[in-house]
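For the sequence shown, the working numbering gives the first residue as 292, with consecutive numbering after it.
We put the beta carbon where it would ideally sit given N, CA and C, even for glycine.
None of the values given here were measured: they were computed from a predicted structure.
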Amino acid sequence: MLLLIHRYPGVNHDGSIYFGLTLFRLRPDIFGQDLFFAFGSQGSYTLLPWLLAQLTPHAGLPALFMLGALLGLLAFAAAAWLFLRRLLPFPQRAWAWLAVITLHGMYGVIVVFTYGEPFLTGRPLAEALSLLALALLVDRRWGWAGLALGLAGALHPLQALGAGLIAWSWLVLQDRRWLHLAWLGLPVLLLGFTPIKPFADLYRVLDPGWYRDLADFTRQLFITHWYPTDWATLAFDVLLLGYAAWQCRDAFGRWCLAALIGLLLGCAASLVLADLLHLALPTALQFWRVQWLAHLLANAAVGVLLYRDLTQRAGSRASVLALAVLMANSGFLWTWIPILAMHAAWPSLAPRMTPGFRRMLVALAWLTMLGLLTYYVAEEWLPFRLAHYRFDLYAIDRRILAFPLVGMGLGLSGLWLWQHARRRWQQIGMLLLAVTALLVAALRWDARSPSPARWRRSPSIRPCSARRCRNGRRCSGICRCIRPYGSCCSAPITSAPGSWQARYSTAARPRRAAAASNACAR
């Protein structure tokens with residue numbers, strides 16, 4: 292289910308930024324004059340481009356990014372399981388884990404960010420290391436937890452900072468003496484008065500023009516500029532974490548409470564320091580990114596609460612919760628709130644209902660969910676028909692599996708069948724079915740368009756130290772042939788700085804590949 296829902300889209304989204312950062316590491320003589328890199332970029336705060344540059348001579352960049360995306364996705368799923376394993380017994384943790392990987396992981400500005408991304412950036416790897424650090428923290432292995440969180444910060448400091456804020460909240464709930472960790476922020480406050488980067492921007496105020504440009508083009512930086520759907524997702528996390536902390540008086544409930552506290556602290560810090568005071572460094576730190584872990588725990592809480600209701604033979608109450616979660620995941624702004632409130636008040640309301648009225652409410656909930664599924668499938672069928680019913684052009688199967696009622700429902704059905712497979716032949720049949728599904732998922736995971744297939748089959752960067760370019764110049768020892776994305780040695784691939792992303796657009800690939808083929812001696 293993980294591979295079927297989280298399919299590889301290729302080098303897109305923020306993956307293109309890491310692609311450019313890797314090229315800059317390989318050929319600073321070419322890309323150093325580009326405006327994107329000339330005055331500093333994200334590459335100064337992550338080790339991932341450097342790691343990719345070291346591995347590039349052994350594999351082409353497209354293959355490297357694909358393998359890195361798969362590694363990040365599997366590492367994220369495994370780390371989430373390890374973390375939940377220390378908080379919940381089986382099969383409760385299996386329900387929580389299935390909710391994490393099947394419910395939508397979008398947070399912040401939901402058209403931009405999601406946890407467990409299926410493409411290669413520093414985020415999924417940092418999230419996996421952060422979850423591993425939390426699991427080690429539960430085991431009280433302080434040194435290893437700090438090392439894992441430090442490695443996460445080396446790959447993506449913003450994701451690690453959010454996880455650290457929730458971890459600190461959990462530690463304070465365990466022992467208030469952990470509040471003294473806040474004194475570590477004092478040196479940072481003092482460094483703000485020095486010219487040391489990036490601390491020099493701690494008290495620097497964004498001028499009106501700078502603030503306006505940032506708010507227009509990167510509105511995720513400022514909470515007050517979020518869309519209503521983003522606020523609805525934030526409200527879902529706040530309410531569900533608070534509700535789970537109230538209902539679950541165990542280790543998982545304490546982590547939900549810590550996530551709620553960390554989420555409120557992060558959003559309050561962003562609101563005051565970025566939206567109100569317009570300070571440069573706090574704006575760049577994006578403290579609200581703590582929501583990635585808070586949203587993950589909120590989704591896990593859905594699985595925990597559903598399991599509790601069903602084991603207590605409260606199927607009616609579980610149906611109400613499923614409807615509230617489905618409406619929240621389907622983009623309904625606030626109409627899911629009274630339904631979630633009905634689920635919370637169900638123990639008091641149910642005795643006052645007649646059995647017929649209760650059955651009518653459950654039937655209405657299921658009719659609504661099936662109606663939403665029908666509408667969703669009908670909406671997805673149009674682009675599938677325009678793609679001439681080709682799954683390689685429009686993966687409608689992934690789109691349908693991403694619908695929570697389908698994806699989570701199939702996952703929970705498989706878990707239930709496995710638990711109730713008492714006989715040997717039933718277990719063997721389930722294993723064969725699982726292996727078949729895994730093979731299908733592996734074949735369908737690569738969801739890139741088939742049109743640039745021949746570019747993907749060609750290695751993007753190959754050593755050419757002992758070769759001669761067609762322009763008569765000999766390649767240097769550190770040269771790499773950037774193919775099909777560029778050219779070789781002194782044959783320039785750019786006519787103007789500041790446009791490296793435009794140079795790698797899909798429309799220009801055939802022209803660039805032909806130029807690179809002529810420029811490099813094979």
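DSSP three-state assignment for residue i, whether helix, strand or coil
| i | result |
| --- | --- |
| Thr-337 | coil |
| Ala-782 | Unreliable positioning characterises Ala-782 in this predicted model, as indicated by a pLDDT of 34, which lies under 50. The coordinate reading is nonetheless provided below. Correct three-state label for Ala-782: coil. |
| Tyr-502 | helix |
| Tyr-680 | coil |
| Gln-324 | coil |
| Trp-627 | helix |
| Gly-483 | coil |
| Tyr-309 | helix |
| His-304 | coil |
| Met-660 | helix |
| Pro-380 | coil |
| Phe-513 | coil |
| Ser-639 | helix |
| Met-357 | helix |
| Ser-332 | coil |
| Leu-294 | helix |
| Thr-645 | coil |
| Arg-318 | coil |
| Pro-489 | coil |
| Gly-622 | coil |
| Gly-363 | helix |
| Ala-368 | helix |
| Tyr-518 | coil |
| Gly-476 | helix |
| Ala-350 | coil |
| Arg-765 | Residue placement at Arg-765 is flagged as unreliable, the pLDDT there being 41, under the threshold of 50; the coordinate-derived value follows with that caveat. Looking at Arg-765 - three-state DSSP - the assignment turns out to be strand. |
| Ile-773 | Note that Ile-773 scores a pLDDT of 39, beneath 50, so its modelled location is shaky; the value from the coordinates is reported in the next line. Three-state result, Ile-773: strand. |
Whole-number beta carbon distance between residue j and residue i, since they are thought to touch under 8 Å
| i | j | result |
| --- | --- | --- |
| Tyr-685 | Phe-675 | 5 Å |
| Tyr-309 | Arg-739 | That belief does not hold up - the Cβ atoms of Tyr-309 and Arg-739 are roughly 17 Å apart, past 8 Å. |
| Ala-571 | Arg-495 | 4 Å |
| Val-611 | Gln-383 | Between Gln-383 and Val-611 the Cβ distance is about 20 Å, and since that is not below 8 Å, they are no contact. |
| Leu-339 | Gly-413 | 5 Å |
| Leu-456 | Val-463 | That pair is no contact at about 11 Å. |
| Leu-554 | Asp-528 | 6 Å |
| Phe-543 | Leu-312 | Between Leu-312 and Phe-543 the Cβ distance is about 38 Å, and since that is not below 8 Å, they are no contact. |
| Ala-424 | Ala-436 | 5 Å |
| Ile-514 | Ser-460 | The pair is not a contact, with the Cβ atoms about 19 Å apart (cut-off 8 Å). |
| Phe-315 | Phe-328 | 5 Å |
Closest Cα partner of residue i within the set the options
| i | options | result |
| --- | --- | --- |
| Gly-622 | Ala-526, Ala-605, Leu-652 | Ala-526 |
| Ile-401 | Val-529, Leu-673, His-586 | His-586 |
| Ile-628 | Arg-689, Leu-530, Pro-638 | Leu-530 |
| His-569 | Leu-556, Leu-512, Asp-521, Trp-388 | Leu-512 |
| Ser-607 | Ala-635, Val-697, Trp-372 | Ala-635 |
| Ala-559 | Trp-546, Leu-548, Thr-574 | Thr-574 |
| Arg-690 | Pro-380, His-395, Leu-343 | His-395 |
| Leu-601 | Gln-333, Ala-613, Trp-657 | Ala-613 |
| Met-618 | Gly-301, Ala-656, Pro-646, Leu-346 | Ala-656 |
| Ile-296 | Thr-665, Val-697, Tyr-598 | Val-697 |
| Pro-240 | Ala-654, Leu-362, Ala-535, Leu-640 | The requested residue 240 is not part of the displayed model; the chain covers only 292 to 813. |
| Asp-688 | Gln-718, Leu-734, Met-721 | Leu-734 |
| Ala-728 | Leu-423, Ala-712, Gln-710, Gly-705 | Gly-705 |
| Phe-374 | Ser-335, Thr-337, Gln-333, Ala-419 | Ala-419 |
| Pro-581 | Asn-303, Asp-683, Leu-422, Arg-318 | Strictly speaking, residue 581 in this sequence is Val, with Pro absent from that position. Among Asn-303, Asp-683, Leu-422, Arg-318, the Cα nearest to that of Val-581 is on Leu-422. |
| Ile-246 | Ala-615, Ala-458, Ser-639 | The chain is shown from 292 up to 813; residue 246 falls before or after that span and cannot be answered. |
| Phe-578 | Gly-453, Trp-537, Leu-652 | Gly-453 |
| Ile-392 | Leu-294, Leu-472, Asp-325, Pro-499 | Leu-294 |
| Pro-380 | Leu-562, Arg-599, Arg-604 | Arg-599 |
| Val-593 | Tyr-534, Ala-549, Gly-407 | Tyr-534 |
Paired residues, beta bridge with residue i - DSSP
| i | result |
| --- | --- |
| Leu-397 | The question names Leu, but residue 397 is Met in the sequence shown. In the DSSP output, where bridge partners are listed per residue, Met-397 has Thr-405. |
| Val-496 | Leu-570 |
| Tyr-299 | Asp-737 |
Quiz prompt | Segments of 4+ residues assigned as alpha helix (DSSP H) that fall wholly inside the stretch 532-607 | solution = 542-561, 571-576, 582-602
Practice problem: Go through the stretch 679-720 residue by residue and report every complete run of the alpha helix (DSSP H) that reaches 4 residues or more, in order. | Solution: 687-692, 695-710
Practice problem: Jot down the residue ranges of each uninterrupted alpha helix (DSSP H) in the stretch 386-474, minimum 4 residues, whole runs only, in chain order. | Solution: 413-429, 433-446, 448-465
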